[in-house]
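> Just dropping this structure here.
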Amino acid sequence: MAITEAKKMTTLQVKRFKPSENPTNNYLTDEKGVWAWMTTVDHKKIGIMYLVAVAFFFALAGFLAIALRTELWTPAKTFIEADTYNQLFTLHGAMMVFFVLVPSIPAALGNFILPMQLGAKDVAFPRLNLASLYIYVAGAIFTFAALASGGFDTGWTFYTPYSSDGNGAGVIWVTLGVFILGFSSILTGTNFITTIHKLRAPGITWDRLPLNIWALYATSIIQVLATPVLAITILLLAFENIMDIGIFDPALGGDPVLFQHFFWFYSHPAVYIMIVPGFGIISEVISTFSKKTVFGYWAIALSSLAIAFIGFLVWGHHMFTSGQSAVATTVFSFLTFLVGIPTGIKIFNWIATLYKGSIDMKTPMLYVFIFLFLFSIGGFTGIMLGALSVDIHLHDTYYVVAHFHYVMMGGTLMALLAGLHYWWPKMTGKMYNETLAKISAVLIFIGFNMTFLPQFVMGSQGMPRRYYNYIDQFTPFHQTSTIGSYILGVAFLIILYYLVKSLFGGEKASSNPWNSRGLEWQSTSPPDFHNFDHTPVVINGPYDYHKPMEEFQLGLAVSHNGHDAEHTSTEVEKTEEKA
Amino acid sequence: MGRLFDFMLPENKSPLTADSTDGLFHFINEVSLIFLIGITFALIYFAFKYKRKSEDDKTPVITHNNTLEITWSVIPLLIVMVIFGWGYSGWLNLKAVPNDAYEIQATGYKWNWNFNYENGAQTLNELHVPKGRPIKVVMQSRDVLHSFFIPDYRVKHDVVPGRYTYVWFQAEETGESIIFCTEYCGTSHSDMLAKVIVHEPEEFEQWLELNGGGIQGSPVEQGEQLVTLQGCQTCHSVDGSEMIGPSFKGIWQREQQLTDGSTVVVDENYIRESILYPGNKVVAGYQNVMSPYEGRLSDDEITNIIEYLKTIN
Amino acid sequence: MSAHEHHGHHIASVKMLWSVGIGLTILTVLTVTVAKLGLPSPFDILSALAIALFKAYLVAAYFMALKWDNRFNAVLLIGAVAFFLLMVGVTLLDTMYRIEVVPSF
Amino acid sequence: MANHSANHPAHVQHHFVDSDQQFDSAKLGMWVFLVNEILFFGGLFCAYIIFRAWYPELFTQAALELNAFWGGVNTVVLIGSSLTVAMAIRSAQRNEIKGLRINLMITILLACVFLVIKYFEYEHKLHYGIAPGSFWDPTPEKLAILDHPKANIFFSIYYMMTGIHGLHVLVGIGLMIWIYIRAGKGHFSSEYYTPVEITGLYWHLVDLIWIFLFPLLYLIE
Ligand code: HEA
Ligand code: HEA
Ligand code: CUA
Ligand SMILES: [Cu+2]
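Chains as they are written, first to last, in this note's numbering: chain L, 15 to 593; chain B, 1014 to 1326; chain H, 27 to 131; chain Z, 963 to 1183.
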């Protein structure tokens, strides 16, 4: 990068000051009223609105899951008809994936935290950011329109020709809804990549990027590369329904397996869109609550990129029984295993971070532990499914259902909960009730395992998924699972209760309740409208726990003018030595 | 075999196709368990050992360790390569049908399995096979994707419209095993069950003999058998009870309201059309889910079915 | 933007732009001509693609000014094309190696 | 210009430090968006390649229905419009607002010419019942030429590809009209012409896609 003479000459003087506690002026008080929220371009408010939307859809899709589980209490009919059941699991899966998990960490938490961790005032394109929220809402409206026009029961995978039979306007609506939704994801990804490249504050070099940012960066790359393929796939499917273009429909000469390729080309990378941001949160929380530099910074940072890359080449592992060619099957199986290696590297590095740390089992850390346990199980069972001969037996059984709940709920959702509790004081300026939080975390752990462990067993025994009716021998497993899901429901209600309560009566949070070294904690709680008063100059790394907390006060260049991080940072280092 | 995870798998009734799958299943479970115990133990141990004592705890700066990084990359890599090789060879075995396999044709359609044997015998939702002999099931679909799954034999394959796919197995015990449809195919996906019935070889020959040559008898009798074999009764009752489609009871000359508002009186042509192209005229109050029988039933067969339907009152 | 040449602000000369434009037109005529020649099977499409690729290079490098731009933008373009090729390549691994090579009907 | 931050020009949004940062960000953002576009069309190209690999004879046969001459003309039209967009950016960089507007005008006109030719091509095919999907109903004489059982799929792909490309042209026209109007209001100068450059990039991509569509669809005989 070229840099102007003028910039090189500037001397940076570093002034230190402490963020004020409980500011009367913050982003929440800055502009008030519904209209101000709806038209805001502030990344923090947009993040909060995303969070509310995601929570809403989670509650809705979770409620559908409870209905599913209740229906499965007995074989055949318990309280709803087969057609209703089929629509329920489709809606549950589609909402959880497209409306909850894909936007959850990047668009909700990421939107809030990313610019703050970069010391930027906002993301690169604030208006696009708001647009992405509205596009998300538009996608939701189309999905509800699909429900109104008869619903859809294709499963979240929309396999042709079942989905292209043309017997339902519902499918057309929901495909258009998912199509639209894709753009919201694309815009978020585009925005993040640009922000990370161009808006880092002076002093934040690539080797000082918080791991959360690395994870979001990897995620954004996947979003940008994979989502357009989903868009075109789903558009082709919509046209298949509207006017029988025949590309995927065997009755018209097309190939249904081709649809599966197209679909999984997006949807496998999409599972990494869901989990990789979770990895980011884990890195942050684990270092904060063990007061220690993360072990293997580069290993963790680069493994995210490795996962993103290899993740693109394994989609065919969902199609081992579909009739794809033997060559493709072999290659896909082989590559599938390679994804496990970088993931393992992460897990081992996190554990190594704990070694000789100062471990504080606050709620976020508790969720990290739960994450590590559950996600490992999910990952290992993924390896099981990647093994060719075994997958033949396990494909489309409850084993797969259990696998993906372990990774998506036990993984991403636990990471999301960790992040939510971790950043809650920063976002709201309030502390939540630690006791209730711990109780509900434990309840979630119990309820979760009770719901999904039995599913591994019945899946291996042959219980197929998407089954409204089942043979009697599976009844005990299904009933345990159902009870577990009720426990989960209770646990989430407790979470909802204490979080809402903390908003209104919660104890005020200090600017840095966890004594974290991360940049976002060097602002006030809740942050100022512009995050920091001035573009901060970053002197310390995000995990410099060996330096005393006093050194972690916001550096501020008296006369700064550079956005070009690489160059200014060295200047900062120099000035610091002199100071 | 008395292994730790035995309780997870159903009884292995086709060792030739199931053995390597089961062995690998156990291996992965055991390796995973070891790793999981290690991870869990480390987590709990560290959590207690390094519990925070005070807010100004000092922690050492340990940034990385290349030896460790390499160790925990290479060991898992070796393990997964073993898993890959094992799974691959097991899968090749599942693809390689022995030359002397006995072939049976299967057709999946919403929501039944139809089996055809070499001598014209037909069965609905029952797959009769001799024991101790490799069986190859060649499958096709008439409508959407289905998937043919026999847990006891560890075999599964999608059934794809416009293509043939197959599975093979060799049952070693007489008895019955369940067949599931594992690719979502609509309302009664979970009822699209069938069973394998394994006979002693001689018994099987007899059975084949008895059912060979297909359908026989007077037109009405033939029609009745066809209605049974073609799975019509999955959706149509003969006693007037409500199912997925309208009951056959009293169907003849019944006045039927269609979804487009018009009415028809059920006669030969209407029934014929309803069987060949069910989507053309859809009865009000029902969904258009019946798959077309075009190319599946001959004119004579349809005539026989009509004769039979006339008799159900 | 006075003294220094900032990467985003390269100003192309009229001569250069017109030469590229004319070059592209000539190449278009060339593809059509080559296509009319009726080369044997793999070569017809290969020649057409080679010319198209060269045209694409001209547009990207000169019209879109990648030649003078931040290197990362070029990386993005090449990366996108590479991923597209990967997608096609791996999908072909299936579609070209099915037992019945063509989905029969 | 020793201190950029001291004079924060009106066009620089609050969260950027200076004009350069804003410009670079916008450009990078646009490139990332173009990556999206490439993969979006990539899906269609993938479908094309696969069906072509399955049925080479179908593609050569069906391509006879496409008029290579008009396809070629359209290619040249798009190349011309790319040239004028590049000229427009050059004018902006040199603070020649009049040149900017004239070049934009020519670009818009060329884009319209492209669409008109496309319209006649479609018209011609639809006339013979060579229509996408369920409207597929070729007249007997066409059916005699297009006797491949999967000819409908070729034309589905053809209509999807050219249709979505045409939609992009339409969007491009809209964008350029917008830029044209803003230029008239004096929004742009050599100091600030980001939207012009960004739109230019988009337009070049539309051209790039066509550069591949043309030989793949029209020139396979
Ligand atoms: C967040 C989402 C997520 C994540 C992260 C993963 C992660 C993985 N998944 Fe999963 N998967 C899904 C979501 C996800 N999956 C979904 C939704 C489906 C079903 C879709 C549907 O059909 O509806 C599915 C289905 C699915 C299948 C298809 C099953 C079938 O339908 O037949 C397969 C097969 O290979 C698979 C494999 C894997 C693998 C190998 C990983 C790996 O990334 C896991 C890597 C992690 C580890 C391996 C653990 C940690 C590693 C160590 C501690 C090192 C030591 C390890 C070893 C020695 C092995 N998954
Ligand atoms: C993010 C992904 C995700 C999550 C979190 C879940 C969560 C749950 N899932 Fe889901 N599931 C899928 C993704 C997910 N699922 C997918 C993709 C499918 C496949 C669909 C298909 O086949 O097409 C599927 C399918 C699926 C099935 C298989 C259906 C079948 O094949 O027949 C079952 C059955 O048990 C099930 C159960 C559950 C249960 C009990 C939960 C529970 O864990 C839910 C617990 C949550 C609640 C009970 C909500 C309570 C919330 C509140 C009260 C509000 C509180 C709000 C805040 C705290 C903000 N799911
Ligand atoms: Cu047939 Cu499910
Ligand atoms: Cu996958």
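C-beta atoms are modelled at their ideal positions from N, C-alpha and C, and glycine is treated no differently. This structure is a prediction, so every number in the text was calculated from the model and none was measured.
Looking at the secondary structure, which residues open and close the alpha helix (DSSP H) in which Asn1065/Z lies?
Here the alpha helix (DSSP H) through Asn1065/Z covers 1059-1089.
> Going along the chain, which residues of its own chain have a beta-carbon closer than 7 Å to the beta-carbon of Val1044/B, five neighbours each way excluded?
Same-chain partners within the cutoff: Ile1092.
> Decide if Leu517/L is buried, meaning its Cβ has at least 16 other Cβ atoms within 10 Å, or exposed.
Exposed.
> For a contact meaning CB atoms closer than 8 Å, what does Gly371/L contact in chain B?
Within chain B, the residues near Gly371/L are Phe1059, Tyr1063, Thr1072.
> Name the DSSP beta bridge partners of Gln1135/B, please?
Answer by DSSP bridge pairing, in chain order: Asn1129/B.
> Scan the stretch 39-63 of chain H for residues whose Cβ lies nearer than 9 Å to a Cβ of chain L and list them as they occur along the chain.
Going along the stretch 39-63 of chain H in chain order, one finds no residue with a Cβ nearer than 9 Å to chain L.
> In whole angstroms, what is the alpha-carbon distance linking Glu1153/Z and Ile509/L?
Their Cα atoms are separated by approximately 53 Å.
> Do Ile1135/Z and Val1158/Z count as a contact pair if the criterion is CB distance below 8 Å?
No.
> Measuring only from the beta carbon, is Ile509/L closer than 7 Å to any heavy atom that is part of ligand 2?
Yes, the Cβ of Ile509/L comes within 7 Å of a heavy atom of ligand 2.
> Show which residues of chain L have a CB atom less than 7 Å away from the CB atom of Gly1100/B.
Correct list: Ser347, Ala401, Leu402, Ser403, Val404.
> Would a C-beta distance cut-off of 8 Å place Thr241/L and Ile200/L closer than the cut-off?
Contact: yes.
> For a test of the three-state rule: what should DSSP assign to Val1155/Z, helix, strand or coil?
Just to set this straight, residue 1155/Z is Tyr in the shown sequence, not Val. Tyr1155/Z: coil per DSSP, three-state reduction.
> Give me the chain H residues within the contact set of Val290/L, using Cβ-Cβ distance strictly less than 9 Å, ordered along the chain.
The contacting residues do not exist; Val290/L stays about 17 Å from chain H at best.
> Between which two residues does the beta strand (DSSP E) carrying Cys1008/Z extend?
Not the beta strand (DSSP E): Cys1008/Z falls in the alpha helix (DSSP H), residues 981-1016.
> Under 7 Å: does the beta carbon of Glu534/L sit that close to some heavy atom of ligand 3?
No - ligand 3 has no heavy atom lying nearer than 7 Å to the Cβ of Glu534/L.
> Helix, strand or coil for Gln1120/B per DSSP?
Per the sequence shown, residue 1120/B should be read as Thr rather than Gln. Correct three-state label for Thr1120/B: strand.
> Identify the residues that DSSP records as bridge partners of Trp1181/B: which are they?
Trp1181/B is bridged to Lys1149/B.
> Go to Thr1276/B, then tell me how far its beta strand (DSSP E) extends in each direction, as first and last residue.
From DSSP, the beta strand (DSSP E) with Thr1276/B extends over 1276-1278.
> Based on Cα-Cα distance, which residue from Ser163/L, Pro37/L, Thr344/L lies nearest to Ala183/L?
That would be Ser163/L, whose Cα lies nearest to the Cα of Ala183/L.
> Is the distance from the Cβ of His1110/Z to the Cβ of Leu1020/Z below 8 Å?
In contact: His1110/Z and Leu1020/Z (Cβ atoms closer than 8 Å).
> Does the beta carbon of Phe80/H sit closer than 8 Å to a beta carbon anywhere in chain L?
Taking Cβ atoms only, chain L never reaches closer than 8 Å to Phe80/H, which makes this a no.
> Taking 7 Å as the cut-off, is the C-beta of Phe334/L nearer than that to any heavy atom in ligand 1?
Yes, the beta carbon of Phe334/L sits closer than 7 Å to at least one heavy atom of ligand 1.
> Helix, strand or coil: which one does DSSP assign to Cys1194/B?
Cys1194/B: strand per DSSP, three-state reduction.
> My output table needs one value for Ala1093/Z: the three-state DSSP class, helix, strand or coil.
Note: Ala1093/Z maps to coil in three-state DSSP.
> Distance check for Asp221/L and Thr584/L, CA to CA, integer angstroms please.
Summary for Thr584/L: the model assigns pLDDT 38, below 50, so the residue's position carries little reliability, and this model does not support an answer.
> Pick out every residue whose C-beta is nearer than 7 Å to a heavy atom of ligand 3: which are they, in chain order?
In chain order, the hits are Gly1121/B, Lys1123/B, Trp1124/B, His1159/B, Ser1160/B, Cys1194/B, Thr1195/B, Glu1196/B, Tyr1197/B, Cys1198/B, His1202/B, Met1205/B.
> Does the distance from the C-beta atom of Thr1037/Z to that of Phe1174/Z stay below 8 Å?
Not a contact, by the Cβ cut-off of 8 Å.
> Any heavy atom of ligand 4 within a distance shorter than 7 Å of the CB on His282/L?
His282/L Cβ: within cutoff of ligand 4.
> Using three-state DSSP, classify His581/L as helix, strand or coil.
Here the model assigns His581/L a pLDDT of 38, short of 50, so the residue's position is not dependable, and the following value carries that caveat. Helix at His581/L.
> Does ligand 2 have a heavy atom nearer than 7 Å to the CB of Ala69/L?
Yes, since a heavy atom of ligand 2 falls inside the 7 Å radius drawn around the Cβ of Ala69/L.
> Please classify Trp44/H as buried or exposed, where buried requires at least 16 other C-beta atoms within 10 Å of its C-beta.
Its Cβ having fewer than 16 others within 10 Å, Trp44/H is exposed.
> Grab the span of the beta strand (DSSP E) containing Val1047/Z for me, first residue to last.
Here Val1047/Z belongs to no beta strand (DSSP E); instead the alpha helix (DSSP H) covers 1030-1055.
> For Tyr1197/B, decide whether its Cβ has a neighbour in chain L, counting only Cβ atoms nearer than 8 Å.
Chain L, which has a Cβ nearer than 8 Å to the Cβ of Tyr1197/B, makes this yes.
> Within 7 Å: the Cβ of Pro1089/B and any heavy atom of ligand 1?
Under cutoff, so the answer is yes.
> For Tyr1115/B, collect the residues of the same chain with a Cβ closer than 6 Å to its Cβ; drop the 5 residues on either side in sequence, then sort them by chain order.
Around Tyr1115/B: Arg1146, Ile1148.
> Quick one: is His976/Z buried, meaning 16 or more other Cβ sit within 10 Å of its Cβ, or exposed?
That one is exposed.
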